[in-house]
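Shown next, in structure tokens, is the structure this report addresses.
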Amino acid sequence: MRNFTKASCIPNSSLLISNFLLPLTFLAVTHASATEFITGEYQLSDKEKRVGEAYYRADMQWMVYQAEVSDDNPFYQIFLKNIASGAVQQVSPGNGKTTCSWVHPTQEKVLFSSTHEDPDAKAKMIAEIERRKSGERQSYAWDYDEFYDIYETDFSGGKIRNLTHTLGYDAEASWSPDGKLIAFASNRRAYTGELSDEEVALFKANPSALIDIYIMDADGSNVKRLTQTKTYDGGPFFSPDGKRIVWRRFSENGREAEIFTMNIDGSDQKQITRLNTMSWAPFYHPSGKYIIFTTNLHGHRNFELYIVDVNGEKDPVRVTDKEGFDGLPVFTPDGNYLTWTSDRTPEKKGHLFHGKWNHQKALESLSLK
């Protein structure tokens, strides 16, 4: 989400919890030329009005992404692309908002969050269309819509199943590599009526403050809360071996975020970055040796990609170096290519970019074997 354009699974907030392990404090970052990491880059999307994050199935035959396409709906919908043929199929209902899609590693299933069951979904669409027509300018603000639920559907989009059925923001979901678990973010606690007076006041002032990381079985059962903070923990992804989760935790003021990892049972929570800026959208390289993430270390509106080792023991290394937004990075499952969202277009609208990734250079830059 550039600055952030409504294109991703990110929003804002963060606190430290008692059982994470502190890594070495970063005193510097390393900057190598972007051409050393990414070559042959090109714009992957162009027909859509605006495109957000994209993810690949394990066999690299399918890519799922979110895009704004229709004049009748100003919000993102979810699309599935066949890599070989280029054929694209919308798999979300087309009503309301959607975000944070994922494709099952082996089955013909897509995961995403949607508000299409909100009784006021269409009214909100119309209101947003009218707002844009009026020329009103609005700073980016993610709304943490309480009608977001997590859904799965088949590749035709015809068999949609609600996996959460819970009032509150349920989003930012991804399947584990074996497809048996789903990690996601939620502020459902705020709607249970069980909050303390302090938490009620905190939620009223900042709806993202009570968003935590959860994990559940793929059918929506056995939901377990993994983080226990009063700041925003979100954007979870599994490690390639399925044993850990990487995510980002916002600061209490919502202006900074850092990258963390933990075991899938919530133990061994470890801070990976200490840049004191907005660092988010982390994603593991398939080798499991390093993490790529987005940060505005070089300016409030200048988001760049960086890599860091999985233990947070090395200085992060800069990957991109163009003014504007470069974020939401994802490696292809073979680790040979990188896809990310950038506004390096004439219209300054977010689109997908794709390029060859230099894994060996990444290892060398982080002094890894």
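Just so we're aligned, residue 666 is where the sequence shown starts under my numbering, counting upward by one.
C-beta atoms are modelled at their ideal positions from N, C-alpha and C, and glycine is treated no differently.
Boundaries for residue 755: no alpha helix (DSSP H) harbours it, while the beta strand (DSSP E) harbouring it runs 753-755, taken from the DSSP string.
Distance from the CA atom of residue 712 to the CA atom of residue 842, rounded to whole angstroms, is 31 Å. The distance from the Cβ of residue 759 to that of residue 742 is about 6 Å, consistent with a contact at the 8 Å cut-off. Annotated as distal: residue 802 and residue 1015, with beta-carbon spacing of 8 Å or more. Residue 792 counts as exposed, since fewer than 16 other beta carbons sit within 10 angstroms of its beta carbon. Taking each of 832, 790, 999, 788 in turn and checking the Cα distance to residue 858, the smallest one comes out for 832.
Residue range 814-819 is occupied by the beta strand (DSSP E) that includes residue 817. Residue 746 sits away from residue 756, with the two beta carbons spaced by 8 Å or more. Annotation: residue 828 is outside any alpha helix (DSSP H) and is labelled neither H nor E by DSSP. The beta carbon of residue 874 sits closer than 7 Å to those of 678, 867, 868, 895, 896, 897, all from its chain and outside the five residues before and after it, given in chain order. Taken atom to atom, the span from the alpha-carbon of residue 780 to that of residue 1033 is near 43 Å. In the DSSP assignment, residue 808 falls outside any beta strand (DSSP E), carrying neither H nor E. Residue burial is scored here from C-beta neighbours: residue 800 has fewer than 16 other C-beta atoms within 10 angstroms and is therefore classed as exposed. Per the coordinates, the alpha-carbon of residue 717 lies some 30 Å from the alpha-carbon of residue 887. By DSSP's assignment, residue 925 forms a beta bridge with 912, 936. Assignment of beta-bridge partners to residue 880 by DSSP yields 848, 889.
In this structure, the beta-carbon distance from residue 836 to residue 813 falls below 8 Å.
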